[in-house]
Amino acid sequence: MSTSVTVKPSLNPLLPYRTHYSSDLAALSVGAEVRLAGWAHRCRDHGGLIFIDLRDPRGLVQLRITPDAPGDSHDIAAKVRPEWVLQVVGVIKPRPEGTENPSLATGKIEIEVSRIEILNVAADMPFDVADETPITEQQNIEFRYIALRRESVAKVVRFRHELVRMVREYFYENNFLEVETPLLSKSTPEGARDCLVPSRVFPGKFYALPQSPQQYKQLLVIGGVERYFQIARCLRDEDTRADRLLEHTQIDFEMSYVQRDDIMNMLEGLIIRLVTKLTPEKRLLSNPLQRFTYRELMDRFGSDKPDLRFGLEIRDCTDLFSEIEFQVFRSVIEKGGTIRGFWCPAPPSFSRKEMDELTGVAMELGAEGLVWISCGAEDFSSPIKRFLSPDLLARLRDRVEAAPGEGSLFLMAGQVHDTVLDRLGRFRVKISERANLQDPNLLAFAYVIDFPYFFWDEDNKRYDPCHHMFVMPKREYINTVLTDPLPTLSTQFDMICNGYEMCSGSERIHFRRLQSGIMQLVGIGPEEQEEKFGHLLRALDSGAPPHGGVAPGVDRLVMVLMGLPFVRDTIAFPKSQRGEDLMMKSPSHVDEQQLRELGIKLR
RNA sequence: GGGGCCGUAGUUCAGCUGGUUAGAAUGCCUGACUGUCGAUCAGGAGGUCGCGAGUUCGAGUCUCGUCGGCCCCGCCA
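In the working numbering, the protein residues as written are 617 to 1219.
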């Protein structure tokens, strides 16, 4: 039961509501009269003295209400509960010696209250604001307007605002034009599932919400906007993950008369500025950013977006096992397969039981098995110990660059090299978690270049672009890409950080003939080309300049820079994993009348 | 589409191999208290154990289904 029903909010506040914010107060002189407004954060009622921490957007300040405060101030203050909305008039007083609070910016002063108005009460709070006790995701989404008052959440909102502001400043300084592109757009084949919007005027036809402004940005530079940028919402109707949202925000930009490295430099300038200004307490792995080829990363880390904050580098051990009698490895080698592994120095040293668990982890990642060799001070243990001579072990340790001392060697084998690398790469991350190797104060930004243009889609028997089909191949492959696609490398470049892909960018194709040929190659015939992409192809034929661009995601940037575990935390109003807004209850049913106007009948 | 974890007081959680009246902390209510800042002290209220079936003498606990949340695989150029 709350007493709130018996307290009527004041309808006669002093206007304007406040003369100062709490952050102003420390600089004001003692005795100054101020008018403040905000939420009651915490209340400490001593019967005589009452202390209330007042929270406004800029901080906290302690209010002090004595029994001899004017009028009924003391009686009113005694009723106040956390999250009630208050206006107070008072004077700045120094706190008595010994009662200062060093953890508060206003900790040396307090407000001696002469008048207090209750602007509103909070009758029904599902959870506490001042108390940062974790709440369930259900609560977090349904009562987001309360969660947002928590400092832990509010600081992310402020951080994101600062980031976007700096992004705009950066692009304005560099002469980019900020241009908005349509939200009601066109469904295109390939890629993710579209979010569709039915048309009322064209019954049976649908707009699609943009997965990205990809075509519009190219058409803008073709239209003479040499440097374009936009903070763009992008929507994909695919299942979500901890690092993936239904709708997300990209810093979308495109430039003409540039080569790949010009775009990379522009992006790198932005990222370095954001990192140095927003997270000065964190270290960059390298500045300027290191560049890796796709192949090198796959071979060394088993991923095209590896976490570079730690080592655990993968090495090819195939040749060392050519003589071994261990049948599993032998047959793999005889069939042209590969054996790869990495070394994890102790600590931690994994027990037999933990090794069995890790084998289970490896299997869950899709590995066919895991061979481990645990090296102690004197001896070593392994399920294949009887096949391992001291000499072989020494050469193995040498191969995986194991420093002298204890540690564990993990090996995987298989026929398809990149599949083994992929599994081992994921397993590498699992080990890094258990070994606590992910330094939260390190930002391992890096570039990935020289991606293959295509991979062969065995299920659909066709070439599939690694990025998208508007990417320009590297110059030396332009003449051969259509006749010998698979060896082609592209101008695609990714920026990665701490195991996440931050963005993909590239030079774009600006010749119609090449663009048309690539479309043909991925299975889009002339008729479909005209129907879906006629506008773009004609635009390329209208004097399209060389151009390219990239689009880093705001959500992931905020997540990585702040070290948050989920992208959901970076947006003001997140949805559940299934894409439901538990607060607004959307998606929702609509009136029959609305459906009729759209020519839609539900099945 | 598939796998896993979770759902118990307003909130965060505990609750063993099934066994009397389901607990703790915090919040809330009442009272006391003039230097607290997670105020303190005393007392009190508060639960359809997500929902529905089933097994059982007996279900918060076991089984099946269902709803909801989260993580992962698939998917996401």
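The beta-carbon is built from N, C-alpha and C at its ideal position, and this holds for glycine as well. A quick note: this is a predicted structure, and the numbers were derived from the prediction, not measured.
Is residue i helix, strand or coil when you go by DSSP?
{"i": "GLN866", "result": "strand"}
{"i": "MET871", "result": "strand"}
{"i": "PRO1142", "result": "helix"}
{"i": "ARG697", "result": "coil"}
{"i": "PHE945", "result": "helix"}
{"i": "SER1132", "result": "helix"}
{"i": "ILE922", "result": "First, the amino acid is wrong: residue 922 is Pro here, not Ile. In the structure shown, PRO922 sits in coil (DSSP, three-state: anything other than H, G, I, E or B)."}
{"i": "ASP1157", "result": "coil"}
{"i": "PRO961", "result": "strand"}
{"i": "LEU1040", "result": "helix"}
{"i": "SER1122", "result": "strand"}
{"i": "SER801", "result": "strand"}
{"i": "THR619", "result": "Reliability fails at THR619, whose pLDDT of 38 lies under 50, so the model's placement of it is uncertain and the value that follows must be treated cautiously. THR619 falls in the coil class under three-state DSSP."}
{"i": "PHE917", "result": "helix"}
{"i": "ARG1212", "result": "helix"}
{"i": "PHE1149", "result": "helix"}
{"i": "PHE937", "result": "helix"}
{"i": "GLY885", "result": "helix"}
{"i": "ASP1075", "result": "coil"}
Buried or exposed: where does residue i fall if 16 or more other Cβ atoms within 10 Å of its Cβ makes it buried?
{"i": "LEU886", "result": "buried"}
{"i": "PRO1006", "result": "exposed"}
{"i": "TYR1069", "result": "buried"}
{"i": "MET617", "result": "For MET617, the predicted model reports a pLDDT of 33, less than 50, meaning its position is unreliable; a value from the coordinates is still stated below. MET617 should be labelled exposed."}
{"i": "GLN943", "result": "exposed"}
{"i": "THR752", "result": "exposed"}
{"i": "VAL621", "result": "Unreliable placement is indicated for VAL621, whose pLDDT of 41 sits below 50; the coordinate value is still reported in the next sentence. It counts as exposed."}
{"i": "THR619", "result": "Only weak support is given to the placement of THR619: the predicted model assigns it a pLDDT of 38, under 50, and the value that follows is read from those uncertain coordinates. So THR619 ends up on the exposed side."}
{"i": "ALA643", "result": "exposed"}
{"i": "TYR873", "result": "exposed"}
{"i": "SER1122", "result": "buried"}
{"i": "PRO712", "result": "exposed"}
{"i": "VAL817", "result": "exposed"}
{"i": "ASP1110", "result": "buried"}
{"i": "HIS636", "result": "buried"}
{"i": "VAL1206", "result": "exposed"}
{"i": "THR1186", "result": "buried"}
{"i": "ASP1171", "result": "buried"}
Taking C-beta to C-beta, are residue i and residue j nearer than 7 Å?
{"i": "ARG956", "j": "LEU1040", "result": "yes"}
{"i": "ARG925", "j": "GLN1054", "result": "yes"}
{"i": "GLU884", "j": "LEU905", "result": "yes"}
{"i": "PHE1043", "j": "ALA978", "result": "yes"}
{"i": "GLY654", "j": "LEU670", "result": "yes"}
{"i": "PHE1189", "j": "ARG760", "result": "yes"}
{"i": "MET1088", "j": "ARG1124", "result": "yes"}
{"i": "LEU862", "j": "GLY1195", "result": "yes"}
{"i": "THR895", "j": "LEU1177", "result": "yes"}
{"i": "ARG931", "j": "ARG857", "result": "no"}
{"i": "HIS1083", "j": "SER1132", "result": "no"}
{"i": "VAL696", "j": "ILE668", "result": "yes"}
{"i": "SER900", "j": "LEU779", "result": "In the sequence as displayed, the identity of residue 900 is Leu instead of Ser. No; because the gap between Cβ atoms is not below 7 Å, this pair is not in contact."}
{"i": "VAL701", "j": "LEU735", "result": "yes"}
Considering Cα atoms alone, identify which of the options is closest to residue i.
{"i": "PRO1168", "options": "LEU825, ALA656, CYS1113", "result": "CYS1113"}
{"i": "SER741", "options": "ALA983, SER801, GLY1023, GLU699", "result": "Residue identity check: residue 741 is Met in the sequence provided, not Ser. The candidate whose alpha carbon is nearest that of MET741 is GLU699."}
{"i": "HIS690", "options": "ARG1124, MET914, ILE666", "result": "ILE666"}
{"i": "SER1192", "options": "GLN754, ILE681, ARG634, ASP672", "result": "GLN754"}
{"i": "ARG781", "options": "SER626, ILE847, ASN628, HIS1205", "result": "ILE847"}
{"i": "PRO1081", "options": "GLU1092, THR1096, THR1104, ILE1065", "result": "THR1104"}
{"i": "LEU1137", "options": "TRP1072, ASP810, VAL874, SER998", "result": "TRP1072"}
{"i": "GLU1092", "options": "HIS1084, SER1106, MET1085", "result": "SER1106"}
{"i": "PRO814", "options": "ILE1065, ALA1160, SER803", "result": "SER803"}
{"i": "ARG1116", "options": "VAL841, ARG809, SER919", "result": "Note on identity: in this sequence residue 1116 is Tyr, with Arg being the wrong assignment. Comparing Cα-Cα distances from TYR1116 to each of VAL841, ARG809, SER919, the minimum goes to SER919."}
{"i": "GLY1023", "options": "LYS1046, THR975, ASP868, CYS960", "result": "CYS960"}
{"i": "LEU652", "options": "ARG1013, ARG634, TYR832", "result": "ARG634"}
{"i": "HIS1163", "options": "ALA738, LEU812, GLU950, GLU842", "result": "GLU842"}
{"i": "VAL1032", "options": "ASP1207, ILE949, GLY663", "result": "ILE949"}
{"i": "GLU973", "options": "GLY714, LYS1046, SER938, ASP1034", "result": "LYS1046"}
{"i": "GLN678", "options": "VAL704, LYS771, THR749", "result": "VAL704"}
{"i": "ARG849", "options": "GLY840, LEU836, ILE867, GLN834", "result": "ILE867"}
Kindly examine the ligand COA and report whether one of its heavy atoms sits closer than 6 Å to the Cβ of residue i.
{"i": "ARG1212", "result": "As far as ligands go, the structure on display features none, and thus does not contain the ligand COA."}
With a cut-off of 8 Å, do at least 3 Cβ pairs link the region 848 to 855 to the region 822 to 840?
-> yes
How do the region 680 to 690 and the region 712 to 722 stand: do at least 3 beta-carbon pairs fall below 8 Å, yes or no?
-> no
Does the count of Cβ pairs from the region 1123 to 1138 and the region 1095 to 1103 closer than 8 Å reach three?
-> The region 1123 to 1138 is in contact with the region 1095 to 1103.
Assess, as a yes-or-no matter, whether the region 1018 to 1032 is touched by the region 980 to 988 under the definition of 3 or more beta carbon pairs within less than 8 Å.
-> yes
Touch test, the region 905 to 917 against the region 936 to 950, Cβ-Cβ under 8 Å, three pairs minimum = no
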